[in-house]
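A quick write-up on the structure given underneath.
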Amino acid sequence: MTIVSDIEIVRLSGFNNIDALLSSGPGWNFLGTGARSLSYTFSVASGNEESRTGQAAFSPAQQSATRTALAYITSLTGIGFTETTDGSRAQIHMASINIADADTMGLCSWMTSYTPPSYGTTVRDLTAKAYIYLDNVEFRAKNADLSLGGPGYEILLHELGHMLGLKHPFEGDEQLPYDDDHTGNTLMSYDWVGGPYQTYSPYDIAALNWLYGRDGLGGTYGVGSGKDYFTGRDIAERLTGTYNSEVIEGAGGDDDIDGGAGNDVAYYVGPRANYELTKIAAGYVVSDHAGDEGYDVLTNIETLRFSNANVSLDYEAVVQALYVGYFGRAADYNGMLSFQNQLATLGAPRDMSALAAAYAKDAGLHALIDSFAGSAESAALYPGDTATFVKGIFQNVFGRAPASAGLSFWTDAIDHKGLSKANASLSIMSGALDNKTAQGVLDAKLINNKLAVASGFTLSIDTAAEIAGYGTKAAAASVRTMLGAVTATTDLTAYQSTIKATLGAMTGAVRVAGDMPGDLPIAHADLIGIGFQAWEQTLV
């Protein structure tokens, strides 16, 4: 449902590099037709702009270059473009013309029309059209050659930018600072620096991301969708999301990215293998090995989106705590995915204390947690009596045996008070993290270090060979040894080399950024819970 303000008021992002380029139309996002593509034509036989005459058709070479430019725009925005020879049916028109201003190489005009609401604010019969002209008199020679990397092609991109809803950065209330207003930042500028360019500049891409969310018309993100797409600049900066769900793209520089509330995505332009993921106390760090996206610190981000894969961080810390507490090792790739999906489906709490409290109240969560105790790995790790089990959990969590009082308490609770083994593990872990005594503070540091190392290990698994490599008893034992060496004073930065060496030993390969396969086979473990099949851990 499109209302008058959608069309008449420019929705700003709060980022100057974006807002300085946003015009008031044409408003392709609000057409309401459900179409995912826009139609365009090179025909001048019909559908011409009524206020202009003398239109001439693009040459075959100009048409070919325009198709190339539109394909590039599709790759950026997700908007499809469909060519038609019927000008009366087209939304976008391309033509050559004698532009009246002798200093103007290209021109774009657009119009939006609708039936005003008779009551309320909802508009009807909304249509939009855009007309792109290249001068064929003063600039005939330059515009005749739209070769990639030439000035004519850059002008074409400039005019297509207007068609997409971009304005000049020196016009209107929102403007770029003088020193930022050049084509190195935006092709919508009149100040040519470098070039000619055959792609849009960073601010253009940031504005197009805001408008269309990289997923086209009617997509999940972008203006009119209810979910925003923020793009930073190629500098170190802090980017903060809102109470809604959004995508945040830091671009270049070392950024501090906080997604805020909602289900938020951090976007990176390269393949997963080009980045190193590290767990820290504040959240996560993403380091770009191959490009210029820098070293980003992420908080309140639920998903990492790379060019070839997504990595879910939602429930990652909780799942990791469950694995470390019960199995004494880091979660495996498929196990992490499976439990993240199940916890999300159940709407489970995202911290250990709340999870432990919810265990007794939620049948689905109860069954999911108890699946740890019913696994083959559990049977292999804890073949003895309940006291042996409690000692094993304490060794996993604290790296030591329990005091006699603690051993008696937990053994009795499991044997006589109805506490399941899985919930005992969960309760011991959550209780340790909340313990504010002097020993409790030291224990919490140790546990948090173990969880950070475990997260770093699992997040480093990004190839089929590594997924398979961490699928044997020997591999699981090596990870237990790695975690067993962690203390409350372990230098987590220095320990990254141990994580890499442990993972590398499972595949016999040295990890080099950029040489990993592009797509990973993602085979989810069987799900458990209300209505799901039983799940059994594969590592024994």
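Under full-length UniProt numbering, think of the first position of the sequence shown as 1, with each following residue one higher.
For glycine and all other residues, C-beta sits at the position ideal for the given N, C-alpha and C.
Self-check item: Helix, strand or coil at E293 according to DSSP, with G and I counted as helix
Solution: If DSSP states are grouped into helix, strand and coil, E293 belongs with coil.
Quiz item: In three-state DSSP terms, what is G252?
Solution: DSSP places G252 in coil when its eight states are reduced to three.
Self-check item: Which listed residue (A281, N300 and F30) has its alpha carbon closest to that of N244
Solution: Closest option to N244, Cα to Cα, is N300.
Quiz item: What is the C-beta distance between D258 and Y295, in whole angstroms, given that I count them as a contact (C-beta under 8 Å)?
Solution: With a Cβ gap of about 16 Å, D258 and Y295 do not count as contacting.
Practice problem: Evaluate T33 with the Cβ neighbour count: other Cβ atoms within 10 Å of its Cβ, from every protein chain shown; 16 or more gives buried, anything less gives exposed. | Solution: Exposed.
Quiz item: So who's on the other strand from H162, going by DSSP bridges?
Solution: Paired residue(s): none; H162 is not in a bridge.
Practice problem: Using three-state DSSP, classify F389 as helix, strand or coil. | Solution: For F389, the secondary structure class from DSSP, reduced to helix, strand or coil, is helix.
Quiz item: Do the stretch 268-276 and the stretch 228-240 meet, that is, are 3 or more Cβ pairs less than 8 Å apart?
Solution: Cβ pair count under 8 Å is below three, so no.
Practice problem: Report the partner residues of S5 according to the DSSP bridge assignment. | Solution: Within the DSSP bridge table, the entry for S5 names no partner.
Quiz item: Taking three-plus beta-carbon pairs below 8 Å as touching, is the stretch 58-78 in contact with the stretch 143-152?
Solution: Contact holds: three or more Cβ-Cβ distances are below 8 Å.
Quiz item: Which whole runs of the alpha helix (DSSP H) in the stretch 315-396 are 4 residues long or more, in chain order?
Solution: Runs of the alpha helix (DSSP H) inside the stretch 315-396: 316-327, 333-346, 352-359, 363-370 and 376-381.
Exercise. Grab me the residues of F15's own chain with a C-beta within less than 6 Å of its C-beta, minus the 5 sequence neighbours each way, in chain order.
Key: Closer than 6 Å at Cβ, skipping near neighbours: no residue.
Quiz item: Looking at G241 and W110, is the spacing between their C-beta atoms short of 8 Å?
Solution: No, they are not a contact pair.
Practice problem: Using alpha carbons as the reference points, say which of Y315, A379, S375 and Y323 lies closest to A354. | Solution: Closest by C-alpha distance to A354, out of Y315, A379, S375 and Y323, is Y315.
Self-check item: Under the three-state DSSP convention, the category T299 falls into
Solution: In the displayed model, T299 falls within a strand according to three-state DSSP.
Exercise. Let me know the secondary structure DSSP gives N16 once reduced to three states.
Key: Reduced to three states, the DSSP call for N16 is helix.
Practice problem: Mind reading off the beta-carbon distance from V324 to N396? Whole number of angstroms is fine, and I expect it under 8 Å. | Solution: The beta-carbon separation of V324 and N396, rounded to 6 Å, stays under the 8 Å limit for a contact.
Exercise. Count the other C-beta atoms from every protein chain shown that fall within 10 angstroms of the C-beta of G518, then say buried if there are 16 or more, exposed otherwise.
Key: The pLDDT assigned to G518 is 29, lower than 50, so where the model puts this residue is not dependable; a value taken from the coordinates is nonetheless given after this. Around the beta carbon of G518, fewer than 16 other beta carbons lie within 10 angstroms, which makes this residue exposed.
Self-check item: Own chain, CB closer than 7 Å to N136, minus 5 neighbours either side, in chain order
Solution: Residues of the same chain with a CB within less than 7 Å of the CB of N136, apart from the 5 flanking positions on each side, are A56, S96, I97, N98 and N143 in chain order.
Quiz item: Does the ligand NAD have even one heavy atom less than 7 Å from the beta-carbon of S189?
Solution: Absence of the ligand NAD is noted for the structure shown, with no ligands found whatsoever.
Exercise. Specify whether the stretch 225-234 and the stretch 40-54 touch according to this definition: at least 3 beta carbon pairs, one from each stretch, less than 8 Å apart.
Key: Because the criterion of three Cβ pairs below 8 Å is not met, the stretch 225-234 and the stretch 40-54 do not touch.
Practice problem: Give the DSSP-derived three-state secondary structure of D125 in the structure shown. | Solution: Note: D125 maps to strand in three-state DSSP.
Quiz prompt | When V479, D191, W410 and G80 are compared against D179, the one with the closest alpha-carbon | solution = If we check each option's Cα against that of D179, D191 comes out closest.
Quiz item: What is the DSSP secondary structure of M105, reduced to helix, strand or coil?
Solution: Coil at M105, not helix or strand.
Quiz prompt | I92 (DSSP reduced to helix, strand or coil) | solution = DSSP places I92 in strand when its eight states are reduced to three.
Practice problem: Count the other CB atoms, across all protein chains shown, that sit within 10 Å of the CB of V486; report buried if there are 16 or more and exposed otherwise. | Solution: So V486 counts as buried.
Quiz item: Nearest CA to the CA of G161: which residue from Y114, L107 and P151?
Solution: Distances from the alpha-carbon of G161 to those of Y114, L107 and P151 put L107 closest.
Practice problem: Assuming S430 and M352 form a contact by the criterion Cβ under 8 Å, report the distance between their Cβ atoms to the nearest whole angstrom. | Solution: Rounded to the nearest angstrom, the Cβ distance from S430 to M352 is 4 Å, consistent with a contact under 8 Å.
Quiz item: Roughly how many angstroms lie between the CA atoms of A454 and A20, to the nearest whole one?
Solution: Rounded to whole angstroms, A454 to A20 spans 44 Å at the Cα level.
Self-check item: Nearest residue (CA-CA) to D462, options A130, V479 and N274
Solution: Residue N274 is the option with its Cα nearest to D462.
Quiz item: Taking Cβ to Cβ, would you say L492 is nearer than 8 Å to F457?
Solution: No; because the gap between Cβ atoms is not below 8 Å, this pair is not in contact.
Exercise. Quick one: grab the DSSP three-state call for E246.
Key: E246: strand per DSSP, three-state reduction.
Quiz item: Candidates E154, F389, R214 and F409: which alpha carbon is nearest S201's?
Solution: Here the closest residue by C-alpha is E154.
Quiz item: Helix, strand or coil for D191 per DSSP?
Solution: D191: coil per DSSP, three-state reduction.
Quiz item: How big is the Cα-Cα spacing for L483 and R305?
Solution: One C-alpha to the other measures close to 28 Å.
Quiz item: Which residue's Cα is closest to the Cα of E138: A206, A100, D125 and T68?
Solution: Out of A206, A100, D125 and T68, A100 has the C-alpha closest to the C-alpha of E138.
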